[in-house]
Each structure stands twice: as structure tokens, then as C-alpha cells.
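>
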Amino acid sequence: MPLIPEEPQIHESAQGPRATPSSGRTAPTPRPVPGPRPVAPPRPGRPGPLRPTPPAQRTPRDVATVKPGPSGPATPTASGKASAAPQIQLIPASAEGALDAADEAVDMLLDSGRAPGDVLVITTGEQHPWAAHELSFGETAYWALHDSGDDVFYADASHVGRAATRSVVVVAVNGGSDAAAARTLPLALTRAGALLVVCGDPQQINSVLGAGV
Numbered sequence: 004m005p006l007i008p009e010e011p012q013i014h015e016s017a018q019g020p021r022a023t024p025s026s027g028r029t030a031p032t033p034r035p036v037p038g039p040r041p042v043a044p045p046r047p048g049r050p051g052p053l054r055p056t057p058p059a060q061r062t063p064r065d066v067a068t069v070k071p072g073p074s075g076p077a078t079p080t081a082s083g084k085a086s087a088a089p090q091i092q093l094i095p096a097s098a099e100g101a102l103d104a105a106d107e108a109v110d111m112l113l114d115s116g117r118a119p120g121d122v123l124v125i126t127t128g129e130q131h132p133w134a135a136h137e138l139s140f141g142e143t144a145y146w147a148l149h150d151s152g153d154d155v156f157y158a159d160a161s162h163v164g165r166a167a168t169r170s171v172v173v174v175a176v177n178g179g180s181d182a183a184a185a186r187t188l189p190l191a192l193t194r195a196g197a198l199l200v201v202c203g204d205p206q207q208i209n210s211v212l213g214a215g216v
């Protein structure tokens with residue numbers, strides 16, 4: 004009977020125990036912690052399969068050249084004009100350095116995301132070493148590589164008429180007569196679906212394809 008609690012109001016209010024017995028009721032707090040912890044381990048494994056996705060970025064780069072066409076409201080007419088008139092890019096080079104300039108242009112095209120089968124290289128003078136090597140196995144095997152469309156195809160001016168249309172055509176004016184260049188460049192322009200790259204003397208090229216190239 005002499006034991007009487009000094010603070011009887013503690014039992015009457017529910018808000019009181021939050022301050023006094025806090026030291027004894029801290030144990031139940033860590034209960035929700037072990038739940039979400041096992042979810043974290045599978046995350047480091049996810050970036051592995053996502054690595055092969057970057058090759059898909061190559062296609063948007065090709066489409067980037069077509070983006071200025073549909074910017075206007077009349078998209079069908081703009082896209083039709085773009086396919087009929089490919090862009091022309093001139094890389095100044097001498098007859099001796101035109102072939103090297105063409106090879107560098109091909110490397111840049113492939114690095115920018117172009118597929119090897121989208122590129123056709125034409126020479127007006129001496130054959131490209133690749134073409135000379137493949138022709139040593141016969142024209143049947145040579146043109147079989149062209150028809151497969153799996154890799155960059157190299158041809159000289161005499162083969163332009165047989166070559167099929169590709170997205171990009173690179174012409175190396177590495178020699179030959181002016182008449183050969185005048186005959187090859189217009190044909191190469193008809194084989195280019197989106198871009199024609201000409202490596203050679205700017206004056207000679209402009210005289211054939213017209214000023215403002």
C-alpha cells in the first residue's frame with residue numbers, strides 16, 4: 004500500500020509514453036530494414052546485357068541526314084526531292100592523293116555509323132588495290148561480292164554502269180582523261196542514293212558537275 008506511483012497521469016494519456024520509455028521501445032524499429040536489402044544485389048547484373056544496344060545508335064545517325072527533309076509541313080515532296088538529288092561533297096585532292104582521300108572518306112563514313120554495304124567506291128584512274136585483288140579470282144566472284152551487299156565495293160570507271168545504287172558513292176579522281184571523269188561523275192551521281200563524295204581537283208570536278216559543288 005505505501006507504493007503509490009508519483010505520476011498517475013501516465014496511464015491516462017496515450018501521448019505520454021512516447022517521451023519516457025523511448026529507451027526501451029527502440030528495438031522494434033529495425034524490423035522494416037531487412038526487407039528491401041535483398042532487392043539491391045540483382046542491379047549490378049543488369050548493365051551487362053545492355054551493352055550490345057549501342058549498335059542501334061547507328062541507324063539514327065543515318066536518319067540524321069534525312070531529318071531536314073521532313074521538317075516542313077509537306078513531307079512527301081521534301082523526301083522525294085532528297086532521294087532524287089543526293090548531296091554532293093567535294094574533298095580537294097591531287098590525282099596522286101585522291102585514292103588515299105577516298106579511303107579516309109570511307110573510314111569516316113563507317114565510323115559515323117554507315118553500314119559497309121551502303122558504300123560504293125569508284126576510281127577514274129588506277130584500280131583500287133581491293134578491286135584488283137578480287138578481280139584476280141574472276142569477274143563472277145567479283146560481282147558476287149557486289150550483289151551480296153555486305154561490304155564496301157570498289158570498282159573502276161568502266162564498271163560504273165553495272166554497279167547498283169547505294170546510299171553513298173565515293174569517287175576518287177585519281178587519273179584518267181578528262182573525258183573519263185566527265186563520263187564517270189554523272190553516272191556516279193545517279194548511283195548515289197543520299198550522298199556523293201568526290202575526291203580530286205575542284206576545278207575539274209566543278210567543270211563536270213557544275214559550279215557550286
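Residue 216, in this note's numbering, is where the sequence shown stops; the numbers in between run on with no holes. The C-beta atom is built at its ideal place from N, Cα and C for all residues, glycine as well.
Across which residues does DSSP place F156 in a beta bridge pair?
According to DSSP, which records beta bridges pairwise, F156 is partnered with L123.
> Ignore the nearest five residues each way along the sequence and tell me which others in C202's own chain have a CB closer than 6 Å to its CB.
Same-chain partners within the cutoff: I94, A96, A101, A104, A105 and A175.
> Distance, Cα to Cα, A191 vs I125?
Approximately 8 Å, taken between the alpha carbons.
> Quick one, are the C-beta atoms of V171 and D114 less than 7 Å apart?
No, these two residues do not count as a Cβ contact at 7 Å.
> Roughly how many angstroms lie between the CA atoms of T127 and R117, to the nearest whole one?
Straight-line Cα distance between these residues: approximately 24 Å.
> When the Cα atoms are used, what is the spatial distance from L208 to L198?
Residue identity check: residue 208 is Ile in the sequence provided, not Leu. C-alpha separation (whole angstroms): 16 Å.
> Considering only residues of the same chain and omitting the five flanking positions on each side of G178, which have a CB-CB separation below 7 Å?
These residues qualify, in order along the chain: A98, T127, G128 and E129.
> Given V163, which residues of its chain have a CB within under 8 Å of its CB, disregarding the five upstream and five downstream residues?
Once the five neighbours on either side are set aside, the close Cβ partners of V163 are I125, T187, L190, A191 and R194.
> Exposed or buried, what is R165 when buried is set at 16 or more other beta-carbons lying within 10 Å of its beta-carbon?
By the neighbour-count rule (16 or more Cβ atoms within 10 Å), R165 is not buried but exposed.
> Would you identify the three-state DSSP class for Q92, choosing helix, strand or coil?
Three-state DSSP puts Q92 in a strand.
> Of all the options Q90, L123 and S180, which has the alpha carbon lying nearest to the alpha carbon of D153?
Among Q90, L123 and S180, the Cα nearest to that of D153 belongs to L123.
> I'd like to confirm the pairing. Which residues does DSSP put opposite L198 in its beta bridges?
Partner(s): Q90 and V171.
> Work out the CA separation of H131 and F156 for me, nearest whole Å.
Cα to Cα, F156 sits roughly 10 Å from H131.
> May I ask which residues mark the beginning and end of the alpha helix (DSSP H) holding A104?
Per DSSP, A104 belongs to the alpha helix (DSSP H) from A101 to D114.
> Relative to the alpha-carbon of R169, which residue among D159, S161 and P119 has its alpha-carbon at the smallest distance?
Nearest of D159, S161 and P119 to R169, Cα basis: P119.
> From this set, Y145, D204 and A184, which residue's C-alpha is nearest A160's C-alpha?
Nearest of Y145, D204 and A184 to A160, Cα basis: A184.
> Closest to A158 by C-alpha separation, out of V109, Q90, L112 and W133, would be which residue?
Among V109, Q90, L112 and W133, the Cα nearest to that of A158 belongs to W133.
> How about V173 and V200: do their beta carbons lie closer than 7 Å?
Taking 7 Å as the Cβ cut-off, V173 and V200 qualify as a contacting pair.
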